[in-house]
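**Q** The numbering of the sequence shown is full-length UniProt numbering, which starts it at 1 and goes up by one.
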Amino acid sequence: MLGIMSDPISLAVLGGAALTEGIRFLYDQAGAALERRRERRRTPDIVSEPDELPEPDEARVAALEAQIRALRGDLEGRAAAGDDADLRRRADALRVVLEAVYGTRLVFAGEDRAEVVSAVDVEEVRGYVAAIRGEPGTTGRLEARMRVGRVDAGGEAVGVDLRRPGHPPPPGRPNEPS
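(1) Between the stretch 76-87 and the stretch 56-67, do at least 3 Cβ pairs fall closer than 8 Å?
(2) Name the DSSP bridge partner or partners of Tyr27?
(3) For the pair the stretch 61-76 and the stretch 94-102, tell me if three or more CB-CB distances fall below 8 Å.
(4) Quick one: which unbroken alpha helix (DSSP H) runs of 4-plus residues sit fully inside the stretch 78-105? Chain order, please.
(5) For the candidate residues Gly140, Leu142, Val129, whose alpha-carbon lies nearest to that of Asp152?
(6) Which residue or residues does DSSP assign as beta-bridge partners of Glu156?
(7) Straight-line CA distance for Met1 to Gly155?
(8) The alpha helix (DSSP H) spanning Val61 covers which residue range?
(9) When you compare each of Ala81, Ala17, Gly140 to Asp112 by their alpha carbons, which one comes out closest?
(10) Considering just the uninterrupted stretch of the beta strand (DSSP E) at Gly149, what are its terminal residues?
(11) Please report the straight-line C-alpha distance between Asp83 and Ala18, rounded to a whole angstrom.
Dropping the structure here:
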């Protein structure tokens with residue numbers, strides 16, 4: 001699924017009415033993307049990010065059409081219940097696909113989602129690779145996922161690299177900023 005990450009747990013904070021509205025929003029947007037509407041749409045109050053949806057990426061809609069249709073079908077007519085883990089998982093899967101289609105995060109009001117999200121998918125590491133690299137004191141929620149086929153001798157794959165001041169990276173890592 002295009003190396004896109006999912007977080008169905010964050011949907012657990014939404015109550016029945018909010019979850020219903022959120023799922024309705026995802027369902028409606030999936031239909032709009034499939035119909036390839038080009039008009040910009042202001043998001044409802046339940047969506048805290050973004051305020052307005054950009055145009056969908058038509059190539060991604062085409063590539064993900066089967067998934068969009070299947071996920072949309074999974075949600076059609078289902079009553080939202082906050083304790084329904086399967087419903088949350090399917091709603092979040094649709095959100096992840098729509099985030100790929102619209103090229104932006106879809107965050108519901110009251111949700112606590114990671115602010116920095118990174119997914120790295122590489123076949124071979126010969127040197128150094130990090131999904132997220134930041135400075136000490138970096139704040140906010142970070143989420144990093146990494147899939148590596150092979151790490152060669154001397155190679156290093158790191159999910160999150162927050163270096164300590166005055167400690168240069170080991171050999172093979174990029175130089176410290178000056």
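Glycine residues also receive a C-beta, built at the ideal position from the N, C-alpha and C atoms. Only a predicted model underlies this, so the values are computations on that prediction, with no experimental measurement involved.
**A** Working from what's here:
(1) With contact defined as three or more Cβ pairs closer than 8 Å, the stretch 76-87 and the stretch 56-67 are not in contact.
(2) According to DSSP, Tyr27 shares a beta bridge with no other residue.
(3) Verdict: yes, contact present.
(4) For the stretch 78-105, the continuous alpha helix (DSSP H) assignments of 4+ residues that do not extend past its boundaries occur at 85-102, in sequence order.
(5) Of the listed residues, the one whose Cα sits closest to Asp152 is Val129.
(6) Bridge partners of Glu156: Tyr128.
(7) Below a pLDDT of 50, predicted positions are generally treated as unreliable, and Met1, at 47, falls in that range; the measurement from the model is reported next regardless. For Met1 and Gly155, the distance between alpha carbons rounds to 27 Å.
(8) Its alpha helix (DSSP H) spans residues 58-75.
(9) Checked all of Ala81, Ala17, Gly140; the closest Cα to Asp112 is Gly140.
(10) Gly149 -> beta strand (DSSP E) spans 142-151.
(11) Their backbone Cα atoms lie some 13 Å apart in a straight line.
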